[in-house]
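Counting from 59, one number per residue, gives the positions in the sequence shown under our numbering.
Glycine included, each C-beta is placed from N, C-alpha and C at the ideal position.
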Amino acid sequence: MPESQSARALVRNLGRADYQCTFAAMRAFTDARSADMPDELWIVEHPPVYTLGLGADPGHVLAAHGIPVVQTDRGGEVTFHGPGQAVIYLLMDLRRNKPGGKLYARQFVQKIEQAIIHVLRAYNLAGERVAGAPGIYMAAGPCKGAKIAALGLKVRGNGCTYHGMSLNVAMDLAPFSWINPCGYAGLKTVDMRSMGVEAALADVQRALADELLLQLASAGAPPETNNINDGLDGPAAK
């Protein structure tokens, strides 16, 4: 498993990995955490899978077409993971002192969202938050309002987090039409390729990891502050 050490977190690239095995590994890692264990970011690409948040309505899976449906313990509704999608799981201890100070869960979500927005901007794509709807959406053009990134987290009572975010890079988008993405009927989902950007998945994965590390090392919260509770499951979300 290739890995690189950062003063802020350890970044691991898991390659393409089964969702259920990765989910179990996240839980096991968090169960075993000690005060001296570093935070970690896990970069991964999954085979096709639908995942349900804790409060998700299974009825939002309209037709699975043979794709596995997995119940998870993250916040949020139903989403799809598949090849060509940049997924990063954030295994963090929010109570730990960091370069920017301790993080509250809401600040944590803001920083993840801002990292996605910054990476999209680097590829000349404008992303934005939408109040009351988790994820990042296209901010301009004919696909304004279409979803391009999703976010769902588990925050345990001890401040330790897992699950994370996904950015659609170059996917088969058809499986999104077989669900109500994040519980919204008819929500259009796009990827960077359909927005006219051809980018290597590995390049986008690395850019996201670098930007997440940068955001998490900075003090305070980014200026955009709407939509900060969606996709969270844990005490801070209530």
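Close Cβ partners of residue i (< 8 Å) along its chain, the five nearest in sequence each way excluded
i	result
Thr80	Leu72, Trp100, Val102, His104 and Tyr147
For residue i, the three-state DSSP class (helix, strand or coil)
i	result
Ile175	helix
Ala295	Note that Ala295 has pLDDT 33, beneath the 50 cutoff, so the model's placement of it is unreliable and no number is given.
Gly241	helix
Asp76	coil
Thr88	helix
Gly217	coil
Asp268	helix
Asp261	helix
Leu152	coil
Ala93	coil
Ala198	coil
Assigned exposure category for residue i - 16 Cβ within 10 Å defines buried
i	result
Gly117	exposed
Lys202	exposed
Arg179	exposed
Gly244	exposed
Ala260	exposed
Pro301	Since the first and last residues shown for the chain are 59 and 296, residue 301 lies out of range.
Gly133	buried
Leu120	exposed
Neighbourhood of residue i by C-beta distance below 6 Å, restricted to the same chain and skipping five residues each side
i	result
Ala75	Val102
Asp131	Leu112 and Lys212
Arg91	Cys218
Asp230	none
For residue i, the residue or residues it bridges with in DSSP
i	result
Ala191	Val188
Ile125	Paired residue(s): none; Ile125 is not in a bridge.
Asn26	This structure leaves residue 26 out entirely; the chain is present only between 59 and 296.
Ala379	Lying outside 59 to 296, the shown extent of the chain, residue 379 is not represented and no answer is given.
Ile146	Ile101 and Met223
Val119	Ile237
Interface flag, residue i vs chain D, CB-CB below 8 Å
i	result
Gly217	No chain D appears in the structure shown, which is made up of a single protein chain.
Cutoff 7 Å; reference residue i; Cβ partners in own chain excluding five residues on either side
i	result
Gln78	Val128
Gly217	Asp151, Leu152 and Arg153
His139	Tyr77, His104, Val107, Thr109, Val145 and Ser224
Tyr181	Met250, Val255 and Ala257
Range of the contiguous alpha helix (DSSP H) that encloses residue i
i	result
Leu99	That residue, Leu99, is in no alpha helix (DSSP H); its beta strand (DSSP E) goes Glu98 to Glu103.
Start and end residues, beta strand (DSSP E) containing residue i
i	result
Val136	Val136 to His139
Leu110	Val107 to Leu110
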